[in-house]
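Below you'll find the structure, written out as structure tokens, and then a few comments.
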Amino acid sequence: MALTIAPSILSANFARLGEDVSLVENAGIDMLHIDIMDGHFVPNISIGPAVVGSLRKVSSLEFDVHLMIEHPEKYVEDFVKAGADSITIHAEATKHLHRVIQLIKSLGVNVGVALNPATPLEMLTYVLQELDVVLLMTVNPGFGGQKFIQEVLPKIVALSAILKEVNPLCRIEVDGGINIETARLVSKAGAEILVAGAAVFASPDPQQAICDILEAAKEEQRTNKNKRFRGIKQ
Numbered sequence: 001m002a003l004t005i006a007p008s009i010l011s012a013n014f015a016r017l018g019e020d021v022s023l024v025e026n027a028g029i030d031m032l033h034i035d036i037m038d039g040h041f042v043p044n045i046s047i048g049p050a051v052v053g054s055l056r057k058v059s060s061l062e063f064d065v066h067l068m069i070e071h072p073e074k075y076v077e078d079f080v081k082a083g084a085d086s087i088t089i090h091a092e093a094t095k096h097l098h099r100v101i102q103l104i105k106s107l108g109v110n111v112g113v114a115l116n117p118a119t120p121l122e123m124l125t126y127v128l129q130e131l132d133v134v135l136l137m138t139v140n141p142g143f144g145g146q147k148f149i150q151e152v153l154p155k156i157v158a159l160s161a162i163l164k165e166v167n168p169l170c171r172i173e174v175d176g177g178i179n180i181e182t183a184r185l186v187s188k189a190g191a192e193i194l195v196a197g198a199a200v201f202a203s204p205d206p207q208q209a210i211c212d213i214l215e216a217a218k219e220e221q222r223t224n225k226n227k228r229f230r231g232i233k234q
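Each residue of the sequence shown is one higher than the one before, starting from 1 at the first, in our numbering.
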């Protein structure tokens, strides 16, 4: 599947949010990552459905809504009505993961489940076939601009191997500390959707930053592909 860079508005300028979204949209991206925080599941508060709805009026991008909130089942319908195209919930945030996944699917949008860095993949064993996306956090959630946790890389590799067997259409998304260098690492490990916040919006040229991150990831992907081909005996 094609690599995707999804800028995270958590690092955007909220005083000119619409302008920042238009800026990255003009860079040719397909997806916008929208972090929703409640101050309980994570120690920060961001935005709600009203802001998502306002952005929907000015953008045709795919809205990748990441719910870092407790009891997500209470709010998924509000975010779908506001314009979400994909809803990702945290496995750690609900006691009834399968039930919430089915609720999201019934609303006609893509469904993803996120795991914090310390949460094992085994937590998703019984729901992997139901998912469009698995989001692996490469920082502890709650704040933008954090340092990438390299210890998550083996988890990406392991998940990639598992999905090839049980759900090859499910994509791996990574969120946290993504820049040119870490984009290469996660692409090599098997990630396909790279959420980039500070590396894009804190850059003097966000559009060029998106291009640079995407090219770095693609270059690593091409290198790995060529290595595999060279390893095939004729």
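Using N, Cα and C, we set each Cβ at its ideal position, and we do this for glycine too.
Determine whether the beta carbon atoms of residue i and residue j lie at a separation below 8 Å.
| i | j | result |
| --- | --- | --- |
| L121 | C170 | no |
| D35 | L10 | yes |
| P43 | A82 | no |
| H98 | E70 | no |
| V157 | G190 | yes |
| T119 | E77 | no |
| V195 | S8 | yes |
| F148 | G176 | yes |
| N26 | Q207 | yes |
| V109 | A84 | yes |
Looking at C-alpha atoms only, which residue of the options is the closest neighbour of residue i?
| i | options | result |
| --- | --- | --- |
| K105 | A91, S86 and M68 | S86 |
| E130 | C211, L103, F63 and V51 | L103 |
| G224 | I213, V195, P141 and S187 | A small correction: the amino acid at residue 224 is Asn; Gly does not occupy that position in the sequence shown. The option with the nearest alpha carbon to N224 is S187. |
| Q146 | G53, Y126 and M137 | M137 |
| H33 | L61, V139, K57 and V80 | L61 |
| V51 | N26, D38, F79 and I29 | F79 |
| E73 | R56, V111 and E219 | V111 |
| V133 | A27, Q207 and H90 | H90 |
| G18 | A84, R56 and D30 | R56 |
| D38 | T182, A216 and F143 | F143 |
If we ignore side chains and look at the alpha-carbon of each, how far apart do residue i and residue j end up?
| i | j | result |
| --- | --- | --- |
| A15 | A198 | 16 Å |
| Q234 | R184 | Any reading at Q234 needs caution, since the residue's pLDDT is 37, under 50, leaving its predicted position unreliable; the model's value is listed next. Near 29 Å, if we compare the C-alpha coordinates of R184 and Q234. |
| L163 | E151 | 20 Å |
| K95 | I101 | 12 Å |
| N13 | P204 | 13 Å |
| M68 | L124 | 17 Å |
| N116 | L135 | 9 Å |
| T160 | I180 | Here residue 160 is Ser; the residue named in the question, Thr, does not match the sequence. Their Cα atoms are separated by approximately 21 Å. |
| S54 | P154 | 39 Å |
| P219 | F63 | First, the residue type needs correcting, since residue 219 is Glu and not Pro in the sequence shown. Using only the alpha carbons, I get a separation of about 26 Å. |
| Q221 | D30 | 19 Å |
| E215 | I5 | 10 Å |
| A217 | G28 | 16 Å |
| T88 | Y75 | 12 Å |
| T182 | Y126 | 30 Å |
| I178 | P168 | 24 Å |
Could you round the C-beta distance between residue i and residue j to whole angstroms and report it? I think they count as a contact, below 8 Å.
| i | j | result |
| --- | --- | --- |
| V21 | S46 | That pair is no contact at about 15 Å. |
| I210 | V24 | 6 Å |
| I172 | E192 | 6 Å |
Q: Just list the beta strand (DSSP E) runs in the stretch 166-224, keeping only unbroken ones of 3 residues or longer that don't cross its boundaries, in chain order.
A: 171-175 and 193-196
Q) At which residue ranges does the stretch 77-107 contain complete alpha helix (DSSP H) runs of 4 or more residues, listed in the order of the chain? A) Runs of alpha helix (DSSP H) with 4 or more residues, each lying fully within the stretch 77-107, are found at 97-106, listed in chain order.
Q | Within the stretch 47-71, ranges of the alpha helix (DSSP H) (whole runs, at least 4 residues) | A | 49-56
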